[in-house]
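Sequential numbering of the sequence shown, starting at 6, is according to this note's numbering.
We put the beta carbon where it would ideally sit given N, CA and C, even for glycine.
Notes follow once the structure below has been shown.
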Amino acid sequence: MADTERKSAETPEEFLSRWSRRKREAREEALKPPAPPAPATAEEAPKLPPLEELGIGSDYRGFLHPKVDETLRRAALKKMFSDPHFNVMDGLDVYIDDYSVSDPLPAAMLAELKQAQKILGWAQETDDEAQKRRAMTPQQEIETQAAEAAALAAGEAEATPSPVENTAEPAPVAQKPDDESGAPPQTA
Numbered sequence: 006m007a008d009t010e011r012k013s014a015e016t017p018e019e020f021l022s023r024w025s026r027r028k029r030e031a032r033e034e035a036l037k038p039p040a041p042p043a044p045a046t047a048e049e050a051p052k053l054p055p056l057e058e059l060g061i062g063s064d065y066r067g068f069l070h071p072k073v074d075e076t077l078r079r080a081a082l083k084k085m086f087s088d089p090h091f092n093v094m095d096g097l098d099v100y101i102d103d104y105s106v107s108d109p110l111p112a113a114m115l116a117e118l119k120q121a122q123k124i125l126g127w128a129q130e131t132d133d134e135a136q137k138r139r140a141m142t143p144q145q146e147i148e149t150q151a152a153e154a155a156a157l158a159a160g161e162a163e164a165t166p167s168p169v170e171n172t173a174e175p176a177p178v179a180q181k182p183d184d185e186s187g188a189p190p191q192t193a
């Protein structure tokens, strides 16, 4: 403890002399010339083949060296990527087709669809019904279609429950008595 008391009890003269000494040392360090840099290993640009000889199997790593001129590097990369090997569509481009024109379903496929048979009804038409339809005049055909549409609409109306019909009162909730006498609870 005596040692810590001595350090904290330094006189201002000791503090100032130490500060002055450190300031002089820092100034002397700044005046010294910097140490010469370590001799760098002089890397030269690798010997490169002529651009005309480059192909798909050539080694292009030398052209990526930092000492190679930028225009030569770009010319080598342009030569590499101009090869037809890199110009093949991969099939992952999903937006290359024309989706504005839809392909209609063939009649044979449409006849096989169960939903289409229910909705359209023409797929289930028998030969006799087809002959009757062909023999009808346009006015009779319109009347028949209107009658079928009305029957279909009436069938859907009966099958669809109305929200008004489900207005039954909810079942009463059983309540426990408040006390042992069995009297129903009082509501506020």
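Original post:
Taking the Cβ atom as the reference point for each residue, do residue 60 and residue 102 lie within a distance shorter than 9 Å?
Top reply: 9 Å or more divides the Cβ of residue 60 from the Cβ of residue 102.
**OP:** Take residue 64 as the anchor and find which of 50, 49, 81, 74 has the nearest alpha-carbon.
**Re:** Residue 64 has its Cα closest to that of 81, out of 50, 49, 81, 74.
Subject >> Separation of residue 137 from residue 115, as counted between CA atoms >> reply: Counting only the Cα atoms, residue 137 lies some 23 Å from residue 115.
**OP:** Compute the Euclidean distance between the alpha carbons of residue 6 and residue 39, then round it to the nearest angstrom.
**Re:** Note that residue 6 has pLDDT 49, beneath the 50 cutoff, so the model's placement of it is unreliable and no number is given.
Original post:
Would you say residue 57 and residue 72 are within 9 Å of each other, going by their C-beta atoms?
Top reply: Taking 9 Å as the cut-off, the Cβ atoms of residue 57 and residue 72 do not count as close.
**OP:** Report yes if the CB atom of residue 70 is closer than 9 Å to the CB atom of residue 51, and no otherwise.
**Re:** It is a contact, given that the beta carbons lie within the stated cut-off.
Subject >> CB contact flag (residue 78, residue 68, <9 Å) >> reply: Taking C-beta atoms as the reference points, residue 78 and residue 68 count as a pair closer than 9 Å.
Subject >> When 94, 86, 41 are compared against residue 62, the one with the closest alpha-carbon >> reply: Of all alpha-carbon atoms in 94, 86, 41, the one lying nearest the alpha-carbon of residue 62 is that of 86.
**OP:** Would you identify the three-state DSSP class for residue 62, choosing helix, strand or coil?
**Re:** Coil at residue 62, not helix or strand.
Original post:
What are the uninterrupted segments assigned as alpha helix (DSSP H) that are 4 or more residues long and contained completely in the stretch 18–94, given in chain order?
Top reply: Listed in chain order, the alpha helix (DSSP H) runs fully inside the stretch 18–94 are 75–86, counting runs of at least 4 residues.
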